[in-house]
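Chemist: Residue numbers (this note's numbering), protein chains in the order written: chain A, 3 to 473; chain B, 3 to 473. Virtual Cβ for every residue (Gly too), placed ideally from N, Cα, C.
2 protein chains.
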Amino acid sequence: MRLITIALGALLLPVAAAHAQATSPPPAVVPANVQGVLERLRARALASNNAYEIVESLTTEVGPRLAGSPGEARARDWAVAMLRAQGFENVRVETFDIPYWRATRQTAEITAPAPQPLAIAALGGSASTPAGGTEAEVIRFASVSELEAAPAASIAGRIVFVDERMTATADGAGYGAAVRKRGACPRVARERRAAACLIRSVGTDSHRFPHQGASGAIAQGAGVPAAALSNPDADQLARLLSRGRVRLRLQIETETQNRVQSGNVIGEIRGRDRPDEIVLLGAHLDSWDAGTGAIDDGAGVAIVAAAARLIRDLPRRPRRTIRLVLFGAEETGVFGGADYARRHANELPKHVVASESDFGAGRIWRYRTRFGAGDEGYAARFFAALAPLEVFVTDAQPASGGADIGAMREAGVPVFDLTQNGLDYFDYHHTADDTLDKIDPAALRQNVAAWATIAYLAAETDWNLRSAEAR
Amino acid sequence: MRLITIALGALLLPVAAAHAQATSPPPAVVPANVQGVLERLRARALASNNAYEIVESLTTEVGPRLAGSPGEARARDWAVAMLRAQGFENVRVETFDIPYWRATRQTAEITAPAPQPLAIAALGGSASTPAGGTEAEVIRFASVSELEAAPAASIAGRIVFVDERMTATADGAGYGAAVRKRGACPRVARERRAAACLIRSVGTDSHRFPHQGASGAIAQGAGVPAAALSNPDADQLARLLSRGRVRLRLQIETETQNRVQSGNVIGEIRGRDRPDEIVLLGAHLDSWDAGTGAIDDGAGVAIVAAAARLIRDLPRRPRRTIRLVLFGAEETGVFGGADYARRHANELPKHVVASESDFGAGRIWRYRTRFGAGDEGYAARFFAALAPLEVFVTDAQPASGGADIGAMREAGVPVFDLTQNGLDYFDYHHTADDTLDKIDPAALRQNVAAWATIAYLAAETDWNLRSAEAR
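Encoded structure:
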């Protein structure tokens, strides 16, 4: 998962204000036969290991799949084979070019007063250090604000260390605040001529796994080596700094290319009478390269593929088309989502609804939508259909749809969120420890059932989820 | 902690049989004033952060301290300063020579069919691989017995992988079975001309931390590269092998020296009227080098030092001497314990009792002794004194005393065990994740209280814990 901030007011509230008086849509009644199908889908989802087998296959047979790497190319081949084996139609790859960055060395050690190695991960886009590394005194800031307020003279030539902690929450709300330092630290370090930037990992665990992640600030202007320390290593550095001066040597070596290939892999269940209307289910194929991308986002790939597969296995395909999009290069810049929205711009008005599963493999506990004004009746119908799965929470906050859905959402495509329990998501997110054993097969089955429910309802009804004006 | 197997029958039972009719010792009554001191010691232990501050200082200011390394030398300097600062007498270092081994590189990657790195740790004493590494096909064995039964032809030239799992238990009972593979795998690999040996880590976690550890088999005859995979990596390799052939490249580079210096650090509270009678409290200073040795064995160092410090702070010192011994080079061969027993051989008959704290920092739940025949009354008194600390379990199994106490025990020194809750000990043991944050300060305080209780009782009474014959 990558963070995309939504300006709430700009998205939903003005629309609601302008169209509060618009014609209401027809009542959203779920026909009895559709109800029956939903029950069967749910029962089958909760009894099937298909999703677990898919994520096991991806994480085992492909493993790490950094955007633009040979691993990501193998993941596309895997995805094409998997989608075909699961019986989808129109399976294809849409390629695009992206910049490439990979760390080939990332080590740090305290050189004085107590020589010892520290566990770090270079931030995506980090500059390399000079040969032999950069050694300098460390200066600690308890928060990004404290760093931003620091005079340049106190920073120049030193290694800046932003020691802000992240809070674990069920909906990942702590991520937004915590991830700020990933951009701010390299930016301020560069502006004020620091030797390098270190951050306490954007992560909620206490294991010696540093958390990888992109830094937009680095991508925009390079020049500064930047890395994340694991939480125990950040604790250790802070303790040493509380005792006096600390010198640290950082060695980061990177490999970069201006243009390499990435791509989205697409498969469909063509609709039986409105095939041009599309219900889009997404997830992303790429991962950071320390782990095998099980919770981020092998689980998402498995959930949406297994959900669609259940619908494909029904005696009668739904009226609208269900399109699976397995996005490439999400982690390093949401390139797949942007390419899809650009390439399919003409088709977007026919996208009924879209969402991406990209917050791990925990049980879904909340449903949100961003439909058009006046479409609360539809939202309520979808929500009610999730109750047997113990999805009991919804609210008026608009859904984001997921990072790769952002460009579509901005182009007016209605979106929803099936929010997973992410209390432990940021324990593993972007670490070497993001591996298959972190996935609970029972929770994964509940996810598949929820996605199948929403996808089938959206594809089988003629509900138009846009605001009346946009219809 | 290192494993030392005790031959139960050889140690205790024949003694008991031979002396069942011997004169009973005088009744073990704890005088009222001693009871009062025990209560004060307990209350102070449970209110003090001294032990936590000691282990924080050691793990932060020294960090990793592999036997024979500069880190271990710094730990001795640290220990001398700490013991003096805590007010102990006769603080001194007893040095001895040990062989030195350190891995400077330890990497593995699957080369086919799904290229990906695996997290490994070279086993102590492992041979280096040839330049560029060793690449070969992997052959998996579900157990040591399966490996031992395999024909040489199936193994020669391959990388042997022993995939036996370890069980978590409160008293570490799973370690004995699991650690067998650390010796057997390299031995069989060498005998049957395998290219290398890989084992599933001796550890109970599911994080990507391989567990370090010595292999006696390697030390005895070198020649085979050997390493442990983290549990998730062992899972991954097993899954790939279930799909077909797997090739793996192993790169291990090591640094060895025949003789480097290690040493034990000793401090005392001299007894007020039987100073030549010694109550020995031990722990070991060295650690494996991936982590900072917090639970193994910084916690032990802190527990015994803080317990003795509480006794030193009493208005009147106890009758017998309390001697702290912080052993060197335990992990790589129990060199410190052997050196102590040899150097102090003449003094051992005056050692009243001895024990080492070396099973982490969990709450103590069990007390065991190996005293002389007929000394059950003393054992019961010690045990009763622990009840306020919720140490409710004891049994007739003889105590081991700890690895460094082994040579003393064999020379007839009575020993006891204060068994900690080790359910999660082997999650962190010998990994990079053995860091300060894994220690619960409240559990540490309970440990200090228990050690202070036993140490004070042993030092203030005139109880003779040897069998009547040996008195």
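Quick one: list the residues of chain A neighbouring G65/B, beta-carbon separation under 7 Å, in chain order.
Modeler: By Cβ distance, chain A contributes A116, Q118.
Chemist: Using a Cβ-Cβ cut-off of 6 Å (strictly less than) and excluding sequence neighbours within five positions of H432/B, which residues of its own chain qualify?
Modeler: Taken in chain order, the residues that qualify are H213, Q214, G215, W290.
Chemist: State buried or exposed for A409/A, treating a residue as buried only when at least 16 other CB atoms are found within 10 Å of its CB.
Modeler: When all chains shown are included, A409/A counts as buried.
Chemist: Considering only residues of the same chain and omitting the five flanking positions on each side of A461/B, which have a CB-CB separation below 6 Å?
Modeler: These residues qualify, in order along the chain: V281, P320, R322, I324.
Chemist: Report all residues from its chain with a CB closer than 7 Å to the CB of Y102/A; omit the five preceding and five following residues, and keep chain order.
Modeler: Excluding residues within five positions, the ones whose Cβ falls inside 7 Å are G70, T258, Q259, V262.
Chemist: Consider the C-beta atom of N423/B and the heavy atoms of the ligand SAM; say whether any pair is separated by less than 7 Å.
Modeler: The ligand SAM is not part of this structure, which contains no ligands at all.
Chemist: Does DSSP put E332/B in a helix, in a strand, or in coil?
Modeler: The answer is coil: DSSP assigns E332/B none of H, G, I, E or B.
Chemist: Determine, for T62/B, whether the minimum Cβ-Cβ distance to residues of chain A falls below 8 Å.
Modeler: Closer than 8 Å to some Cβ of chain A, the Cβ of T62/B qualifies, so yes.
Chemist: For V306/B, does the count of other Cβ atoms within 10 angstroms reach 16, so buried, or fall short, so exposed?
Modeler: Answer is buried; the Cβ neighbour count reaches 16.
Chemist: Where do the ends of the alpha helix (DSSP H) carrying D419/B lie?
Modeler: Careful: D419/B lies outside any alpha helix (DSSP H), inside the beta strand (DSSP E) at 417-422.
Chemist: Less than 8 Å between the beta carbons of D426/A and G293/A, yes or no?
Modeler: No, Cβ-Cβ distance for D426/A and G293/A is not below 8 Å.
Chemist: Whose C-beta lies closer than 7 Å to the C-beta of V82/B among residues of the same chain, with five residues either side of it excluded?
Modeler: Excluding positions up to five away in sequence, the list reads V93, V95, V267.
Chemist: Any beta carbon from chain D within less than 8 Å of R274/B's own beta carbon?
Modeler: Absent from the structure: chain D. Protein chains present are A and B.
Chemist: Determine the contact status of I313/A and A452/A, defining contact as a CB-CB distance below 8 Å.
Modeler: Not a contact, by the Cβ cut-off of 8 Å.
Chemist: In chain order, what residues of the region 420-435 of chain B put their CB closer than 7 Å to some CB of chain A?
Modeler: Within the region 420-435 of chain B, the residues whose Cβ lies closer than 7 Å to some Cβ of chain A are A434, D435, listed in chain order.
Chemist: Answer with buried or exposed for V336/B, where buried requires no fewer than 16 other C-beta atoms within 10 angstroms of its C-beta.
Modeler: V336/B is buried by the Cβ-count criterion.
Chemist: In this structure, how does DSSP classify L43/B when only helix, strand and coil are distinguished?
Modeler: Correct three-state label for L43/B: helix.
Chemist: Grab me the residues of T421/A's own chain with a C-beta within less than 6 Å of its C-beta, minus the 5 sequence neighbours each way, in chain order.
Modeler: Hits under 6 Å: D173, R368.
Chemist: Does any C-beta atom of chain B lie closer than 8 Å to the C-beta of R210/A?
Modeler: Yes, contact with chain B.
Chemist: For a contact defined as C-beta to C-beta under 9 Å, what are the partners of L326/A on chain B?
Modeler: Those within 9 Å of L326/A in chain B number zero; the least Cβ separation is about 23 Å.
Chemist: Check distances from the C-beta atoms of the region 239-251 of chain A to those of chain B and list, in chain order, the residues that come in under 8 Å.
Modeler: Those would be R241, L242, R245, in chain order.
Chemist: Decide if D464/B is buried, meaning its Cβ has at least 16 other Cβ atoms within 10 Å, or exposed.
Modeler: Classification of D464/B: exposed, given that the 10 Å Cβ count is below 16.
Chemist: Comparing the C-beta of A123/A with each C-beta of chain B, is any distance below 8 Å?
Modeler: Chain B contact via Cβ: absent.
Chemist: I think L43/B touches Y458/B, with their Cβ atoms under 8 Å apart; what is that distance to the nearest whole Å?
Modeler: Confirmed, Cβ separation roughly 6 Å.
Chemist: Rank R160/A, A77/A, E166/A, A121/A by C-alpha distance to the C-alpha of R194/A and give the top, closest one.
Modeler: Nearest option by C-alpha distance: R160/A.
Chemist: Note down, one range per segment and in chain order, each alpha helix (DSSP H) of at least 4 residues found wholly within the region 193-261 of chain B.
Modeler: Runs of the alpha helix (DSSP H) inside the region 193-261 of chain B: 218-223, 233-245.
Chemist: In three-state DSSP terms, what is V354/B?
Modeler: Here V354/B sits in strand by DSSP.
Chemist: So with CB distances below 8 Å, who are the chain B contacts of P234/A?
Modeler: Here the neighbours are D435, T437, L438, D439.
Chemist: Among G127/B, Q118/B, P119/B, Q88/B, which one has its Cα closest to the Cα of A105/B?
Modeler: Considering only alpha carbons, the answer is G127/B.
Chemist: With distance defined between alpha-carbon atoms, name the residue in R272/B, A301/B, R276/B nearest to H286/B.
Modeler: Nearest C-alpha to H286/B: A301/B.
Chemist: Can you grab the Cα-Cα spacing for the pair G73/B / K183/B, in whole Å?
Modeler: Approximately 29 Å, taken between the alpha carbons.
Chemist: What residue range does the beta strand (DSSP E) around F143/B cover?
Modeler: 136-143 is the extent of the beta strand (DSSP E) around F143/B.
Chemist: If we count Cβ pairs, one from each stretch, closer than 8 Å, do we get three or more for the region 83-92 of chain A versus the region 144-153 of chain A?
Modeler: The region 83-92 of chain A is not in contact with the region 144-153 of chain A.
Chemist: Could you tell me the distance, in whole angstroms, from the CA atom of R241/B to the CA atom of T62/A?
Modeler: Rounded to the nearest angstrom, the two C-alpha atoms are 7 Å apart.
Chemist: Just checking: is the beta-carbon of D315/A within a distance shorter than 8 Å of some beta-carbon in chain B?
Modeler: Not closer than 8 Å to any Cβ of chain B, the Cβ of D315/A fails to qualify, so no.
Chemist: Look at T256/B and I100/B and say whether their C-beta atoms are less than 8 Å apart.
Modeler: No, these two residues do not count as a Cβ contact at 8 Å.
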